[in-house]
């Protein structure tokens with residue numbers, strides 16, 4: 009289970025509401041390898057405080073034990089991109105920063121090359 013922390017509402021008043029996930033939430037969902045990896049592991053619950061109708065009535069809650077399964081699921085097919093790196097020769101550290109969560113145990117160190125200029 010993971011509770012979202014934020015996001016951007018993409019729609020006006022409607023029966024369909026789209027939410028762009030916050031980057032932190034998206035990365036945490038990707039890190040949790042048992043959560044939302046297929047339609048069979050994608051369920052949603054929500055409290056009655058989640059949203060109201062146009063008359064001000066709270067939504068009927070969906071408790072954890074009755075979570076609703078996704079009707080559609082699109083897997084992550086976007087490859088992570090190296091955003092930046094830091095080299096600290098005093099601490100013997102190479103710090104790689106990516107644009108999304110990566111599985112650090114899959115890092116192949118012999119595939120990393122350092123260069124003296126951007127042309128290699």
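Numbering (the numbering used here), first residue to last: 9 to 128. Backbone N, C-alpha and C fix where the C-beta goes; we use that ideal spot for every residue, glycine too. Please read these numbers as outputs of a predicted model, since none were measured by experiment.
By Cβ distance below 8 Å, which residues in the same chain neighbour residue i in space, the five residues on each side in sequence not counted?
{"i": "residue 46", "result": "81 and 83"}
{"i": "residue 56", "result": "66, 67, 68 and 69"}
{"i": "residue 75", "result": "51, 52 and 53"}
Assuming residue i contacts residue j under a Cβ cut-off of 8 Å, what Cβ separation, rounded to an integer in Å, is found between them?
{"i": "residue 17", "j": "residue 27", "result": "6 Å"}
{"i": "residue 104", "j": "residue 122", "result": "About 12 Å separates the two Cβ atoms, so there is no contact after all."}
Helix, strand or coil: how does DSSP classify residue i here?
{"i": "residue 105", "result": "strand"}
{"i": "residue 94", "result": "strand"}
{"i": "residue 68", "result": "coil"}
{"i": "residue 26", "result": "coil"}
{"i": "residue 110", "result": "coil"}
{"i": "residue 12", "result": "coil"}
Output needed for residue i: all residues of its chain with C-beta closer than 6 Å, excluding positions within five of it in sequence on either side, in chain order.
{"i": "residue 54", "result": "70"}
{"i": "residue 72", "result": "53"}
Checking 9 Å against the spacing of the C-beta atoms, do residue i and residue j come in under that value?
{"i": "residue 94", "j": "residue 102", "result": "yes"}
{"i": "residue 59", "j": "residue 25", "result": "yes"}
{"i": "residue 88", "j": "residue 106", "result": "yes"}
{"i": "residue 77", "j": "residue 98", "result": "no"}
Can you tell which of the options has the C-alpha that lies nearest to the C-alpha of residue i?
{"i": "residue 13", "options": "33, 25, 24 and 122", "result": "33"}
{"i": "residue 29", "options": "78, 111, 11 and 128", "result": "11"}
{"i": "residue 112", "options": "39, 19, 15 and 23", "result": "39"}
Leaving out the 5 sequence neighbours to the left and right, which residues in its chain are closer than 7 Å to residue i when beta-carbon positions are compared?
{"i": "residue 62", "result": "21"}
Heavy atom of the ligand MG less than 8 Å from the Cβ of residue i, yes or no?
{"i": "residue 13", "result": "Questions concerning the ligand MG fall outside what the structure shown contains, since it holds no ligand whatsoever."}
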